[in-house]
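If you read the sequence shown in this note's numbering, its first letter stands for residue 2, the second for the next number, and so on. What follows is one structure encoded as structure tokens, with my remarks underneath.
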Amino acid sequence: MILNSNEIILKEILPRKSFFFSLTEKLRILISFGYLIFVVFFAVVTFKTIVFLFTIPLLVAAFYNSFLRWIPVFYHLKNNYYLITNQRIIIASRSKKEIIRYRKLEEIDQVHADMNDRFYGNIIFGKPEGVVDNASGYLGGNRGILTFKNDRYAFLSIENIDEIIVLINELGLKVNKTFY
2 MILNSNEIIL KEILPRKSFF FSLTEKLRIL ISFGYLIFVV FFAVVTFKTI
52 VFLFTIPLLV AAFYNSFLRW IPVFYHLKNN YYLITNQRII IASRSKKEII
102 RYRKLEEIDQ VHADMNDRFY GNIIFGKPEG VVDNASGYLG GNRGILTFKN
152 DRYAFLSIEN IDEIIVLINE LGLKVNKTFY
């Protein structure tokens with residue numbers, strides 16, 4: 002891995018191979034299972050009609066949002082690690098030893114730490130993704146649409162967040178803490 006000149010690694014963080022569910026994730030799970038139940042019910046009702054063919058893509062999407070979207074997240078937890086340097090935050094690959102994503106400290110306007118009482122959780126660098134995203138360009142104007150996007154610059158499944166928050170504060174960034 003190639004670092005910039007005068008860049009010093011302050012902290013190397015390995016994620017725990019388990020999930021931390023914030024309130025946003027819990028809402029996404031609830032909505033996706035509700036959608037799956039609705040689509041399965043609709044598919045059963047329309048099974049002997051031609052409408053059933055139109056429910057197949059809905060079934061695939063509902064099944065993916067309920068179960069399969071966790072496979073890439075677990076893969077990233079298993080294969081990534083995080084670095085905090087004096088110039089940027091870095092998400093790197095363990096196997097290839099290369100930088101996947103990074104963000105300079107000057108570009109970070111907000112930091113959010115979602116954690117439980119044992120200081121285990123996620124650190125999000127930037128605005129956290131919500132359950133609903135305001136999208137324009139649709140026929141009705143600006144509308145809220147359901148989104149399952151993960152935060153792009155986030156340290157997921159981190160233990161001992163309290164120690165990392167102190168380091169982030171020392172770098173001049175204010176951390177908003179949320180306990181679940």
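Glycine included, C-beta positions come from ideal geometry on N, C-alpha and C.
Check: Beta-bridge pairing of asparagine 177 - partner residues as DSSP gives them; Outcome: His113
Check: The beta strand (DSSP E) enclosing glutamate 13, as first and last residue numbers; Outcome: 10-14
Check: Beta-carbon proximity check, lysine 79 vs lysine 18, cutoff 8 Å; Outcome: yes
Check: CB-CB length for isoleucine 85 against leucine 168, believed under 8 Å; Outcome: 6 Å
Check: Residue range of the beta strand (DSSP E) that includes leucine 84; Outcome: 81-86
Check: Distance between phenylalanine 20 and leucine 157 (C-alpha atoms, nearest Å); Outcome: 8 Å
Check: Exposed unless 16 or more other CB atoms sit within 10 angstroms - verdict on proline 16; Outcome: buried
Check: Extent of the continuous alpha helix (DSSP H) run through phenylalanine 55; Outcome: 53-64
Check: Backbone CA spacing between phenylalanine 39 and lysine 175 [nearest angstrom]; Outcome: 42 Å
Check: Simplified DSSP assignment, three categories, for glycine 35; Outcome: helix
Check: CA-to-CA distance, leucine 59 to isoleucine 14, given in whole angstroms; Outcome: 39 Å
Check: Phenylalanine 64 versus leucine 172 - alpha carbon distance; Outcome: 42 Å
Check: Beta-ladder partner(s) of asparagine 94, from DSSP; Outcome: The question names asparagine, but residue 94 is serine in the sequence shown. Asn81.
Check: Coarse secondary structure for tyrosine 103, derived from DSSP in three states; Outcome: strand
Check: Cα-Cα separation between serine 161 and isoleucine 3, rounded to whole angstroms; Outcome: The sequence as given places asparagine at residue 161; serine does not occur at that position. The alpha-carbon atoms of asparagine 161 and isoleucine 3 are separated by roughly 27 Å.
Check: Beta carbon of lysine 12 nearer than 8 Å to that of isoleucine 165; Outcome: yes
Check: Integer-rounded CB distance, given that glutamate 130 should sit under 8 Å from aspartate 110; Outcome: Their Cβ separation, rounded to whole angstroms, is 15 Å, which puts aspartate 110 and glutamate 130 out of contact at 8 Å.
Check: Any non-hydrogen atom of the ligand HEM within 7 Å of arginine 70 CB; Outcome: Ligands displayed in this structure: none; no statement on the ligand HEM is therefore possible.
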